[in-house]
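Sequences listed follow chains A and B, in order. Residue numbers for the first sequence follow the working numbering, so the first one is 1 and each next one is one higher. Residue numbers for the second sequence follow the working numbering, so the first one is 1001 and each next one is one higher.
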Amino acid sequence: MTLELFLDLHSQPCRAVYIFAKKENIPFEYKKVDLASGQQYREEFGQISIVRKVPVLKDGDFILTESIAILMYLAEKFGTSDHWYPSDLQKKARVNEYLSWQHKAVRESGSKIFWFRAMVPILTGAPVEQERMDSAVEDLSSSLTVFEEKFLQKRSFITGQDISLADLVALVELMQPVGTGFDVFEGRPVLSAWRDRVKREIGESLFDEAHQVLMNAHALPQVLKDNGMLDFLKPRLKKLFN
Amino acid sequence: MPLELYLDLFSQPCRSVYIFAKKNNIPFDFKKISLMEGDHYGEDFGKVNMMRKVPAMRDGEFCLAESVAMMIYMVEKFKTPDYWYPADLHKRARVNEYLSWQHMSIRMHGSKMFWVKVLIPKIMGREVPQEKRDAAIEDLDESLKWLEEKFLQDGPFIAGDHISLADLVAIVEVYQPVGAGVDVFEGRPKLSAWRDRVRQEIGPELFDEAHQGIMGAIEVVKTLDSSKMQAFRPRIQKMFF
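What follows is the structure, given as structure tokens:
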């Protein structure tokens, strides 16, 4: 029985898992979870994962959440190319270091900016307070500086010459605010050059395909108005970004 | 030359690294960093970790931050017993799943409690508004709920029959609010039983030694000169008041 991957490509960790599986030709059944329609709150999805988040992997009876755990599981099970999660002790440590740090850094502030720009106006009827937006932008900027000065430095990729899970996870997160028209790469030539390298390694076609719905994020407010789920989603989603 | 571990045992991830290294008899130089005294702003420490956070590790020329990365490094380099980070695909996935999830849940909410109950009142001279205090407790309760219902379930430990990095990382985080005076074990028999098992596996003496600092934190903070902590004020004001 084929692996199932429960994904919504609006979500950064879903994109990382999707791109990795496709890039490494891992056979899987794509199970779409439509977050904007509240599918994650329905009974059926609750049976798959009680935390009601994406991505989720289902391999026979084995169910796994958390994209990083999923990526490592896939790498191990399918014997993917070594550079993704190198067997070299120090290179592997660099990947782990980035994957651990990014949760509370790039991921958090990138998500906030996306949330504030794409979702808050439709959920609350008003734009987010400027102060909160400025704070998120400032946090992202600090994280990007750390990214450039510590994780990348003069290297082509985070571990050196080759792309790894760290670069993949980093880029999908950085794209999140870009989906709302917020250009994180502006004025950052080192970051932009790294982005171009990562895109090339992944394959432009696959990268663009994975990011298609995100780049259409401006359509979300209308989707929410049309599908009648706004009132249902409001209280649940508000909690996520206090 | 032994490993250097830069640690402040008031910090949860420092405790897990410390316990792991000691438990596995990994030789290391304990480099004490006192966050309250600003040691992390020192020039030398900046060379070990430019992010100026603890824990940090130096192995010869190789410097590493992030407790999870450090422990996995030690697992492989020192070939610690399998159960800490099992080779079995499914068991390891369970450990990785917890280690990933915990950053933005129990770690975040447990840390916040320490700030809300101990540090902020000291720095600001007044309590955080009731509403925000209630929200912080609510968030912590939710994380503890998931720890019990999703990660522990009926198992003795997170990955199954044996302790792993997941339990170690979990327990040190759970103790942070305890150090802030919030008894997370009250009314949670399952969590308490798990805590007892984890403490037993680690060794009560080592566990208690590692947690001595945080359990006495309230008293230590009382003695601090709050006028030296005013750098935190603007950020606290924005977030809580």
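Where a beta carbon is used, it is the ideal one built from N, C-alpha and C, also for glycine. None of these values were measured; they are calculated from a predicted model.
Discussion item. Would residue 157 (chain A) and residue 167 (chain A) be called neighbours here (beta carbons separated by less than 7 Å)?
Written reply: As a first step, residue 157 (chain A) must be located in the first sequence, where it is residue number 157. As a first step, residue 167 (chain A) must be located in the first sequence, where it is residue number 167. Cβ atoms of residue 157 (chain A) and residue 167 (chain A): closer than 7 Å.
Discussion item. In chain order, what are the residue ranges of uninterrupted alpha helix (DSSP H) at least 4 long that sit wholly in the region 106 to 185 of chain A?
Written reply: 106 to 114, 120 to 124, 130 to 146 and 165 to 178
Worksheet item: If you measure beta-carbon to beta-carbon, which residues of the region 1035 to 1050 of chain B are closer than 9 Å to chain A?
Response: For the region 1035 to 1050 of chain B, which is checked against every Cβ of chain A, the residues closer than 9 Å are 1049 and 1050.
Discussion item. Can you confirm whether the region 135 to 148 of chain A touches the region 108 to 120 of chain A when touching is taken to mean that 3 or more C-beta pairs between the two stretches lie within less than 8 Å?
Written reply: Here the region 108 to 120 of chain A lies against the region 135 to 148 of chain A, with 3 or more beta-carbon pairs under 8 Å apart.
Worksheet item: Mapping DSSP to helix, strand and coil, what is residue 1037 (chain B)?
Response: Position 37 of the second sequence, counted from the first residue, corresponds to residue 1037 (chain B). In this structure, residue 1037 (chain B) counts as coil in the three-state DSSP scheme.
Discussion item. I'd like to know whether the C-beta of residue 1112 (chain B) is nearer than 7 Å to at least one C-beta of chain A.
Written reply: On the second sequence, position 112 is the one that residue 1112 (chain B) refers to. For residue 1112 (chain B), the answer is no, since every Cβ of chain A falls outside 7 Å of its Cβ.
Worksheet item: Thinking just about the alpha-carbon of each residue, which of B:1178, B:1020 and B:1005 is nearest to the one in residue 1033 (chain B)?
Response: As a working mapping, residue 1033 (chain B) is identified with position 33 in the second sequence. Of the candidates B:1178, B:1020 and B:1005, the one whose C-alpha sits nearest the C-alpha of residue 1033 (chain B) is B:1005.
Practice prompt. Can you check the region 50 to 81 of chain A for any alpha helix (DSSP H) of at least 4 residues that lies completely inside it and give the ranges in chain order?
Written response: Counting whole runs of 4 or more residues, the region 50 to 81 of chain A contains the alpha helix (DSSP H) stretches 67 to 77.
Discussion item. Is the beta carbon of residue 146 (chain A) closer than 7 Å to that of residue 9 (chain A)?
Written reply: What you label residue 9 (chain A) is simply residue 9 of the first sequence in a count that begins at 1. What you label residue 146 (chain A) is simply residue 146 of the first sequence in a count that begins at 1. No, the pair does not count as a contact, with Cβ atoms beyond the cut-off.
Discussion item. Three Cβ pairs or more, each shorter than 8 Å: is that satisfied between the region 1182 to 1202 of chain B and the region 1041 to 1055 of chain B?
Written reply: no
Worksheet item: Is it right to say residue 80 (chain A) is buried, meaning 16 or more other beta carbons lie within 10 angstroms of its own, or is it exposed?
Response: As a first step, residue 80 (chain A) must be located in the first sequence, where it is residue number 80. Residue 80 (chain A) comes out buried.
Discussion item. Quick check on residue 115 (chain A) - is its C-beta less than 7 Å from some C-beta in chain B?
Written reply: Indexing the first sequence from 1 puts residue 115 (chain A) at position 115. Closer than 7 Å: no.
Item to complete: Would you please verify whether the beta carbon of residue 1020 (chain B) is less than 7 Å from any beta carbon of chain A?
Response: Here residue 1020 (chain B) is taken as the residue at index 20 of the second sequence, counted from 1. Chain A, which has no Cβ nearer than 7 Å to the Cβ of residue 1020 (chain B), makes this no.
Practice prompt. Leaving out five residues on either side along the sequence, give the residues of the same chain with a beta carbon under 7 Å from the beta carbon of residue 190 (chain A).
Written response: Residue mapping note: residue 190 (chain A) aligns to position 190 of the first sequence, counting from 1. Same-chain partners within the cutoff: 148 and 152.
Discussion item. Below 9 Å on C-beta distance, what does residue 65 (chain A) contact in chain B?
Written reply: Position 65 of the first sequence, counted from the start, is the residue given in the question as residue 65 (chain A). What residue 65 (chain A) touches in chain B: 1097, 1100, 1101 and 1150.
Worksheet item: When the Cα atoms are used, what is the spatial distance from residue 47 (chain A) to residue 1072 (chain B)?
Response: Here residue 47 (chain A) refers to the residue found at position 47 when the first sequence is read from its first residue. Here residue 1072 (chain B) refers to the residue found at position 72 when the second sequence is read from its first residue. About 32 Å.
Item to complete: Kindly identify the DSSP beta-bridge partner or partners of residue 947 (chain B).
Response: No answer is possible for residue 947 (chain B): the residues shown for chain B start at 1001 and end at 1241.
Discussion item. Any beta carbon from chain B within less than 7 Å of residue 18 (chain A)'s own beta carbon?
Written reply: As a first step, residue 18 (chain A) must be located in the first sequence, where it is residue number 18. Output row for residue 18 (chain A): interface = no.
Discussion item. For residue 38 (chain A), which residues in the same chain have their Cβ closer than 6 Å to its Cβ, ignoring the five residues on either side in sequence?
Written reply: Walking along the first sequence from the start, residue 38 (chain A) turns up at place 38. Setting aside the 5 residues that flank it on each side, residue 38 (chain A) is surrounded in the same chain by 229, 232 and 233, each with a C-beta closer than 6 Å to its C-beta; the list follows chain order.
Discussion item. Quick check: is the beta carbon of residue 1068 (chain B) nearer than 7 Å to any beta carbon in chain A?
Written reply: In the second sequence, residue 1068 (chain B) corresponds to position 68, counting from 1. Yes, contact with chain A.
Practice prompt. Could you tell me how far apart the beta carbons of residue 1170 (chain B) and residue 64 (chain A) are, in whole angstroms, since I believe they sit closer than 8 Å?
Written response: Looking up residue 1170 (chain B) in the second sequence gives position 170. Looking up residue 64 (chain A) in the first sequence gives position 64. That belief does not hold up - the Cβ atoms of residue 1170 (chain B) and residue 64 (chain A) are roughly 18 Å apart, past 8 Å.
Worksheet item: Out of B:1009, B:1083 and B:1017, which has the shortest C-alpha to C-alpha gap to residue 979 (chain B)?
Response: Look at the range of chain B in this structure, 1001 to 1241, and you will see that residue 979 (chain B) is not part of it.
Practice prompt. Would you mind sorting residue 1041 (chain B) into buried or exposed? The rule is 16 or more other CB atoms within 10 Å of its CB.
Written response: Against the second sequence, residue 1041 (chain B) aligns to sequence position 41. Exposed, by the Cβ-count rule.
Worksheet item: Are the region 1018 to 1025 of chain B and the region 1205 to 1213 of chain B touching by the rule of at least three beta carbon pairs closer than 8 Å?
Response: With a cut-off of 8 Å, the region 1205 to 1213 of chain B and the region 1018 to 1025 of chain B count as touching, because enough Cβ pairs lie within range.
Worksheet item: The alpha helix (DSSP H) with residue 191 (chain A) in it runs from where to where?
Response: The residue labelled residue 191 (chain A) in the question sits at position 191 within the first sequence. Looking at the DSSP string, the run of the alpha helix (DSSP H) that includes residue 191 (chain A) is 189 to 202.
Worksheet entry | Counted within 10 angstroms of its Cβ, other Cβ atoms place residue 58 (chain A) as buried (16 or more) or exposed | Numbered from its first residue, the first sequence carries residue 58 (chain A) at position 58. Buried, by the Cβ-count rule.
Discussion item. Give me the subset of the region 134 to 163 of chain A whose CB atoms are less than 8 Å from a CB atom of chain B, sorted by chain position.
Written reply: Residues are counted here when their Cβ sits less than 8 Å from a Cβ of chain B; for the region 134 to 163 of chain A these are 135, 146, 149 and 150, given in chain order.
Discussion item. Would the region 67 to 83 of chain A count as touching the region 116 to 135 of chain A if we require 3 or more Cβ pairs under 8 Å?
Written reply: no
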